[in-house]
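Working notes, beginning with the structure itself.
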DNA sequence: GGCATATAGTTGTTTATGCAACTACTCAAA
DNA sequence: TTTGAGTAGTTGCATAAACAACTATATGCC
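Here's what the structure looks like:
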């Protein structure tokens with residue numbers, strides 16, 4: 001028994017993620033404006049390495065919710081930009097660990113500041129308790145479907 | 001003065017739209033499983049034509065929050081699939097109106113049913129009033145950034 | 001040890017996106 | 001009536017995504 005109805009197109013934006021598209025575009029624009037020459041997708045990989053350097057590509061797949069080919073090519077491009085380096089694991093030769101370079105580490109502070117500012121632009125006029133509810137709903141949706 | 005802080009990565013999912021990615025993937029999977037051979041992006045264009053046939057490409061840009069090249073190519077592909085047809089406007093020869101074909105119209109009922117079911121899968125365990133709050137927050141975010 | 005199965009990662013193909021540069025058409029003002 | 005600004009749409013290029021097919025390595029069972 002459905003607990004919600006998709007009526008009158010009011011949930012179109014919800015389903016198509018117009019808000020998150022808008023956030024990604026603004027983040028991209030703000031990074032470019034700040035002289036940070038990476039894509040938002042590359043940012044999402046670096047983000048997890050800043051928290052936890054040396055993740056394997058598979059762990060990056062799980063963390064970023066991207067498939068293996070996507071991570072292969074994102075890491076390819078980040079390597080070309082000299083921001084990360086693949087290191088074959090000694091224990092398990094199937095695994096590449098991905099490590100930040102000095103250059104990659106240096107990006108963290110500035111880039112996270114831009115991300116933080118972008119989020120604040122996005123949330124102007126939204127009470128914090130409503131943001132929390134929204135986050136919870138999106139987390140449940142993600143858990144339902146992932 | 002920032003009204004929210006981007007702390008401890010808790011808003012990573014919010015910013016990167018993991019929930020809407022999950023919805024889009026599930027919708028794609030459900031359509032394929034139901035024998036509907038279109039992409040979710042093509043669905044988003046057809047959706048607006050079902051509500052309002054004959055929109056111009058520019059109007060489709062506004063409705064779907066995509067840029068002009070994206071709509072050009074989505075309409076290209078929908079035309080190849082014989083689901084829509086471009087018709088040059090008589091009043092203003094710059095404008096293409098996009099009309100559904102009989103085949104395009106026939107997809108509506110089944111496809112909207114699949115979309116509705118997908119949404120219900122996504123929202124299992126979420127009280128309706130929380131969905132409403134989430135929608136409102138996302139609408140404000142979109143309006144802040146669009 | 002050897003084989004089946006699973007896991008990590010890569011490659012190929014099609015579709016989609018963002019941005020910039022371009023063509024074609026419209027409209028209004030000199 | 002011409003010209004110049006604005007609008008609608010297309011094309012080119014780089015990046016990214018989904019899916020399937022592939023290689024290489026690891027592991028567990030006989």
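Residue numbers (full-length UniProt numbering), protein chains in the order written: chain X, 1 to 146; chain R, 1 to 146.
For glycine and all other residues, C-beta sits at the position ideal for the given N, C-alpha and C.
The model shown is predicted, which means the values in this text are computed figures rather than measured ones.
Beta-carbon proximity check, residue i vs residue j, cutoff 8 Å
i: residue 95/R; j: residue 56/R; result: yes
i: residue 138/X; j: residue 19/R; result: yes
i: residue 13/R; j: residue 142/X; result: yes
For residue i, the nearest candidate out of the options (CA to CA)
i: residue 121/X; options: 134/X, 30/X, 41/X, 102/X; result: 30/X
i: residue 35/R; options: 107/R, 15/R, 117/R; result: 107/R
i: residue 125/R; options: 136/X, 19/X, 15/X, 130/X; result: 136/X
i: residue 15/R; options: 123/X, 52/X, 145/X; result: 123/X
i: residue 63/X; options: 12/X, 133/X, 48/X; result: 48/X
i: residue 61/X; options: 74/X, 26/X, 90/X; result: 74/X
i: residue 112/R; options: 17/R, 88/R, 51/R; result: 51/R
i: residue 97/R; options: 78/R, 59/R, 21/R; result: 59/R
i: residue 110/X; options: 32/X, 25/X, 17/X, 21/X; result: 32/X
i: residue 26/R; options: 114/R, 86/R, 77/R; result: 114/R
i: residue 140/R; options: 78/X, 119/X, 85/X; result: 119/X
Own chain, CB closer than 8 Å to residue i, minus 5 neighbours either side, in chain order
i: residue 83/X; result: 38, 42, 46, 100, 101, 103, 104, 107
i: residue 72/X; result: 57
i: residue 117/X; result: 30
i: residue 146/R; result: 65
i: residue 28/X; result: 39, 40
i: residue 67/X; result: 61
i: residue 5/R; result: Confidence is the limiting factor: at residue 5/R the pLDDT is only 48, short of 50, which leaves the residue's position unreliable and the question unanswerable from this model.
i: residue 3/R; result: A caution first: residue 3/R carries a pLDDT of 43, below 50, which makes its placement in the model unreliable, though a value can still be read off. Same-chain partners within the cutoff: there are none.
Sequence-distant residues of its chain with Cβ nearer than 6 Å to residue i (five each side left out)
i: residue 65/R; result: none
i: residue 77/X; result: none
i: residue 81/X; result: none
Opening and closing residue of the alpha helix (DSSP H) in which residue i lies
i: residue 85/X; result: Looking at the DSSP string, residue 85/X is not in any alpha helix (DSSP H); the run it does join, the beta strand (DSSP E), is 84-88.
i: residue 137/R; result: 128-145
i: residue 30/R; result: 18-33
i: residue 44/R; result: 40-51
i: residue 73/X; result: 68-80
i: residue 62/R; result: 57-64
Sequence-distant residues of the same chain with beta carbon closer than 7 Å to residue i, five excluded per side
i: residue 133/X; result: none
i: residue 53/X; result: 99, 100
i: residue 44/X; result: 64
i: residue 85/R; result: 79, 99, 101
Boundaries of the beta strand (DSSP E) in which residue i is found, first to last residue
i: residue 96/X; result: 96-100
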